[in-house]
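Worksheet for the structure shown next.
2 protein chains.
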Amino acid sequence: MNEYVEVEGKYRVICDDINKISYFLKEKDFREEYRVVEKDIYYNHPCRDFSRTDEALRIRIRKYIGQGIRKTVLTYKGSRKVLGEGVKAREEIEVELNNWRKMNNILLCLGFQRVISFVKERIIYRKRDVEVTLDHVYGLGRFIEVETRNRSIIENIYSSLSECLEPVNKTYLELCLETQKCRDDFDDS
Amino acid sequence: MNEYVEVEGKYRVICDDINKISYFLKEKDFREEYRVVEKDIYYNHPCRDFSRTDEALRIRIRKYIGQGIRKTVLTYKGSRKVLGEGVKAREEIEVELNNWRKMNNILLCLGFQRVISFVKERIIYRKRDVEVTLDHVYGLGRFIEVETRNRSIIENIYSSLSECLEPVNKTYLELCLETQKCRDDFDDS
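In the order they appear, the protein sequences are chains E and D.
Residues in the first sequence are numbered consecutively from 1, following the UniProt record's numbering.
Residues in the second sequence are numbered consecutively from 1, following the UniProt record's numbering.
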């Protein structure tokens with residue numbers, strides 16, 4: 001089986017000057033693709049505990065900055081499976097919706113519970129098949145995610161910016177639940 | 001409280017000549033609004049029995065005949081509540097989706113079970129606030145539904161067509177489950 005497997009590196013930005021990262025990316029010919037503000041609402045299942053089964057159900061409301069476009073997506077994530085050293089995969093199914101409030105209400109009627117919601121600003125940079133995302137999670141801090149098929153690219157970025165980055169293994173959901181610091185300031189209109 | 005309450009009459013068409021109904025409607029100045037083919041897929045909840053709680057969860061895929069438009073909707077229906085003599089209401093929340101297969105897969109991953117699916121052709125007629133729907137439910141037969149705020153209109157239509165109509169209290173879901181005759185012939189492409 002020669003499936004396409006994405007590798008992902010995720011880091012907390014620990015230096016004060018976050019411009020270091022954007023300068024570095026521009027120097028390496030990364031191009032800013034777009035900016036978004038995303039609100040994520042996570043739900044728990046009416047009769048099983050997603051924190052035990054390692055599943056997730058999320059409504060994401062995304063606004064594209066400067067474009068006035070808005071997109072709402074319902075996402076199911078299955079439990080993480082280790083495919084190989086450092087490579088994890090999880091089933092992910094996404095469906096686009098025309099109204100997040102109605103989907104939220106359907107989920108509540110079905111017995112799903114809202115667990116947490118938080119907002120982040122994202123800047124997405126790309127260079128060929130490498131995607132770098134700079135996240136500002138409100139209340140939690142700044143993070144960088146690197147996605148590519150080539151693990152050495154992730155390692156190079158990390159070693160070039162090592163004084164600025166600290167590896168993170170947890171999802172934002174897990175970090176927000178742990179710290180209870182995440183904020184949900186979002187203009188729903 | 002002076003809420004807008006729709007009254008609905010539902011009848012099985014028992015005469016062989018279904019043109020009687022369309023002639024009658026045209027004579028009474030009803031206008032054909034549009035024709036659709038709908039596939040409905042019903043689900044049961046992972047940990048409660050919707051047939052006991054009188055709830056419903058449905059994906060409906062609707063094709064507008066002759067227009068090439070397609071619409072997919074997820075609908076939750078709460079249990080029926082009797083508001084007054086002959087007037088029932090149930091909460092109904094609808095959200096539009098861009099992909100029914102993905103929503104179906106999310107529901108299956110969440111433990112929902114597919115109960116039944118069936119297809120019907122609908123012709124929707126209207127005259128002011130009165131909506132008359134002529135349904136051909138594949139495998140089950142032909143039905144007519146009248147929706148309006150004015151109960152006497154429903155009674156008039158029924159008495160004018162009484163040799164052709166037989167009142168029905170059950171939903172198509174209930175009739176399909178009971179008879180197991182409904183068919184699901186639908187071009188999903």
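Ideal placement from N, C-alpha and C gives every residue a C-beta, glycine not left out.
Check, Outcome
"Any 3 or more C-beta pairs closer than 8 angstroms across the region 136-154 of chain D and the region 68-82 of chain D", "no"
"Below-8 angstroms beta-carbon distance, residue 69 of chain D vs any chain E residue", "no"
"Rounded separation between residue 110 of chain D and residue 46 of chain D - CA only", "7 angstroms"
"Of the listed residues E:123, E:101, E:42 and E:18, nearest to residue 176 of chain E (C-alpha basis)", "E:42"
"Beta-carbon proximity list for residue 113 of chain E, same chain, < 8 angstroms, skipping 5 on both sides", "43, 44 and 46"
"Backbone secondary structure at residue 186 of chain D - three-state DSSP", "coil"
"Residue-chain proximity (residue 106 of chain D, chain E), Cβ-Cβ < 8 angstroms", "yes"
"Three-state secondary structure (DSSP) of residue 143 of chain E", "strand"
"The region 166-176 of chain E / the region 12-27 of chain D touching (three or more Cβ pairs under 8 angstroms)", "no"
"Proximity of residue 6 of chain D and residue 149 of chain D at Cβ, strictly below 8 angstroms", "yes"
"Closest Cα partner of residue 137 of chain D within the set D:94, D:120, D:163 and D:63", "D:120"
"Closest by C-alpha distance to residue 117 of chain D, when choosing among D:64, D:58 and D:89", "D:58"
"Within chain E, partners of residue 13 of chain D - CB distance below 9 angstroms", "None at all; the shortest Cβ gap to chain E is about 33 angstroms."
"Cβ-Cβ distance between residue 36 of chain D and residue 12 of chain D below 8 angstroms", "no"
"8 angstroms Cβ cutoff, residue 81 of chain D in contact with chain E", "no"
"Cut-off 7 angstroms between Cβ atoms - residues of its own chain near residue 157 of chain E, not counting five sequence neighbours on either side", "146"
"Chain E within 8 angstroms of residue 139 of chain D, Cβ atoms only", "no"
"Proximal residues to residue 2 of chain D (C-beta, below 6 angstroms), its chain only, five neighbours per side dropped", "Note that residue 2 of chain D has pLDDT 44, beneath the 50 cutoff, so the model's placement of it is unreliable and no number is given."
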